[in-house]
Every structure is written in structure tokens, then in C-alpha cells.
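These notes are about the structure you will find just below.
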Amino acid sequence: MTETMVDASKEHMGAGSRSQETVGRKPSSRIPLLDRLSATRGIWELMDVQPEQIKRLLSSHQPGSFIVARNGNAAGKTLFLRLPESDNKMVDLFPLEDHP
1 MTETMVDASK EHMGAGSRSQ ETVGRKPSSR IPLLDRLSAT RGIWELMDVQ PEQIKRLLSS
61 HQPGSFIVAR NGNAAGKTLF LRLPESDNKM VDLFPLEDHP
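The opening position of the sequence shown corresponds to residue 1 in full-length UniProt numbering, with each subsequent residue numbered one higher.
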């Protein structure tokens, strides 16, 4: 399993962000968020990983990091979101609905 995470908290960084530029050059084009999510789906969608493994994995990452997976034997998908240290729990779960 890969250790790379999608960090939603970095999406709205200011103009000084290096996420869209290379050293010494201006960004050639911004990739829209939905295109970035589609291109990285294999990283953040882990359907064969157990919920307890996901919680352990996210606990070592920054708040805002997330993984989409099944929650136990449920057929639907769940968003596992890493919360700030100040919250009572480190990872919260949000059931997702599929819309055709």
C-alpha cells in the first residue's frame, strides 16, 4: 500500500504556493481540482483496506488528509477524514452516496 495521501487542506493555498510551480518558472497551467482527484484516485480510494488500518494510516498524516474506502462489510463508500489534534477523535467517518 502506498503512503502518499491527498491533503485537502493544501488546495486553497495562496499565490506563494510551490505546489503549482517549478523552481525558477511560473506555472504553465493549473489542473482543475476534479481532474487532480480523478488522476490520483488510485492513491486515495482504497477499497480493499480495513477501517482500522485506514485509521492507523491517517493518524500519522496531517489534518485534512483523507481516504475513501468501504466501512467494514458495507457496500457503500465512506470518507475517512483526518481531524485536527484538538478534536476528541483523530479520524471521522462520512458515508458517501453514489449518484448515477
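The C-beta atom is built at its ideal place from N, Cα and C for all residues, glycine as well.
Every value quoted in this text rests on a predicted model; they were computed, and no experiment measured them.
Inter-residue Cα distance where the pair is residue i and residue j
i: residue 76; j: residue 48; result: 13 Å
i: residue 84; j: residue 100; result: 33 Å
i: residue 89; j: residue 60; result: 13 Å
i: residue 35; j: residue 91; result: 26 Å
i: residue 102; j: residue 70; result: The structure shown does not extend to residue 102, since the chain spans only 1 to 100, so no value can be given for it.
i: residue 104; j: residue 46; result: No statement about residue 104 is possible, as the shown extent of the chain runs from 1 to 100 and does not include it.
i: residue 52; j: residue 74; result: 14 Å
i: residue 32; j: residue 40; result: 12 Å
Simplified DSSP assignment, three categories, for residue i
i: residue 84; result: coil
i: residue 35; result: helix
i: residue 89; result: coil
i: residue 58; result: helix
i: residue 51; result: helix
i: residue 96; result: coil
i: residue 40; result: coil
Beta-ladder partner(s) of residue i, from DSSP
i: residue 45; result: 68
Expected contact under 8 Å - CB spacing of residue i and residue j to nearest Å
i: residue 79; j: residue 57; result: Going by Cβ atoms, the distance from residue 79 to residue 57 rounds to 14 Å, so no, they are not a contact pair.
i: residue 82; j: residue 62; result: 7 Å
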